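Data block below; observations after.
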Amino acid sequence: MTHPGTAEKILRAALQLFEQGGADAVSMRRVAEAVGITPMAIYRHFPNREALLKRLSDDSFHAVAHEWQAHAQHPDVLKRLIALLEPYLDYALAHPHLFDHAFSLRRDDARRFPADFRERQSPTLTIIADTITEGMRQGLLRRDDPWNVAMTLWAHSHGLIALFRAGRFSYDEAQFRHFYLESLGKLIDGIKC
């Protein structure tokens, strides 16, 4: 059994603080206290707080991408699109502060549509665009720009989640999940051949 190194302990402590109170809760002093080191010791592993927050965000992005990749194998392209967008909802509900940091707050290092996405820099939206391209090739989806369609699906999904999290639905989580998946299904029906 291997024990986590200091950098891993720092990340775990920072993640726990982040999950509880968002980015504002993550200070080098609080992280150091949680790990049992001095705040200055953190700088041996992360040059500043922003680098630590970026690493948390990047790690969460990769976790989402890994989850999406697991769903990218469904043989039915139309069902696969829904299966790919459901983990986005799962992630938003399970990790609201990381979700906000990754997808709802302005960040200078965030990918920009369309250039960064067309260059396949997004590990998540690339999977959606590839699935849409496959659906178009199979004659299941209307011919269009797959990246624009992927962004439309993502924007719809994100908008619904943002509205739910802002209290604009009277649904509980189960009711909202049903509505979310049904709404995505209607959107996908609109792009079918």
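According to this note's numbering, the stretch in the sequence shown is residues -11 to 181, in order.
The beta-carbon is built from N, C-alpha and C at its ideal position, and this holds for glycine as well.
Since the model is a prediction, treat every value here as computed from it, not as a measurement.
(message) Distance check for A154 and V137, CA to CA, integer angstroms please.
(response) Numbered from its first residue, the sequence shown carries residue 137 at position 149. Numbered from its first residue, the sequence shown carries residue 154 at position 166. The straight-line gap separating the alpha-carbon atoms of V137 and A154 is approximately 26 Å.
(message) Bridge partners for L129 per DSSP, in chain order?
(response) Sequence index remark: in the sequence shown, residue 129 carries index 141 (1-based). DSSP, once it has assigned bridges, lists K180 as partnering L129.
(message) Once the 5 residues before and after V19 are set aside, which same chain residues still bring their CB inside 7 Å of it?
(response) Here residue 19 refers to the residue found at position 31 of the sequence shown. Annotation for V19: I(-2), A1, A2, L5 and I30 place their beta carbon closer than 7 Å to its own, counting only its chain and skipping 5 residues before and after.
(message) If you reduce the DSSP assignment to three classes, tell me which class N36 lands in.
(response) Walking along the sequence shown from the start, residue 36 turns up at place 48. Coil.
(request) Report the residue from A162, G178 and I179 whose alpha carbon sits nearest the alpha carbon of D78. (result) Reading the sequence shown from its first residue, position 90 is the one you call residue 78. Just measuring C-alpha positions, the residue of A162, G178 and I179 sitting nearest D78 is A162.
(request) Within the same chain, show all residues whose beta-carbon is closer than 7 Å to that of F157, passing over the 5 residues directly before and after it, in chain order. (result) Here residue 157 refers to the residue found at position 169 of the sequence shown. The beta carbon of F157 sits closer than 7 Å to the beta carbons of L151 and F164 from its chain, once the five residues preceding and following it are set aside; these are given in chain order.
(request) Could you tell me which of H62, A22, K67 and P75 sits nearest to T112, measuring between CA atoms? (result) By 1-based counting over the sequence shown, the position of residue 112 is 124. Taking the Cα of T112 as reference, the smallest distance to any Cα among H62, A22, K67 and P75 is reached at P75.
(request) Could you check if H85 is buried or exposed, using at least 16 other CB atoms within 10 Å of its CB as the buried criterion? (result) Sequence index remark: in the sequence shown, residue 85 carries index 97 (1-based). Around the beta carbon of H85, 16 or more other beta carbons lie within 10 angstroms, which makes this residue buried.
(message) For M28, count the other beta carbons within 10 Å of its own beta carbon; 16 or more makes it buried, fewer makes it exposed. Which is it?
(response) As a position in the sequence shown, residue 28 is number 40, starting the count at 1. So M28 ends up on the exposed side.
(message) If you follow the alpha helix (DSSP H) that R18 is in, where does it begin and where does it stop?
(response) By one-based count along the sequence shown, residue 18 stands at place 30. Boundaries of the alpha helix (DSSP H) harbouring R18: M16 to V23, taken from the DSSP string.
(request) Give the range of the alpha helix (DSSP H) segment to which Y79 is assigned. (result) By 1-based counting over the sequence shown, the position of residue 79 is 91. In this chain, the alpha helix (DSSP H) harbouring Y79 covers V65 to A82.
(request) Identify whether T121 lies in helix, strand or coil by the three-state DSSP scheme. (result) Counting from 1 along the sequence shown, the entry for residue 121 is found at position 133. Three-state result, T121: helix.
(message) Does the stretch 116 to 128 come into contact with the stretch 84 to 103, if we say contact requires no fewer than three beta-carbon pairs (one atom in each stretch) closer than 8 Å?
(response) In this structure the stretch 116 to 128 does not touch the stretch 84 to 103; the number of beta carbon pairs closer than 8 Å is below three.
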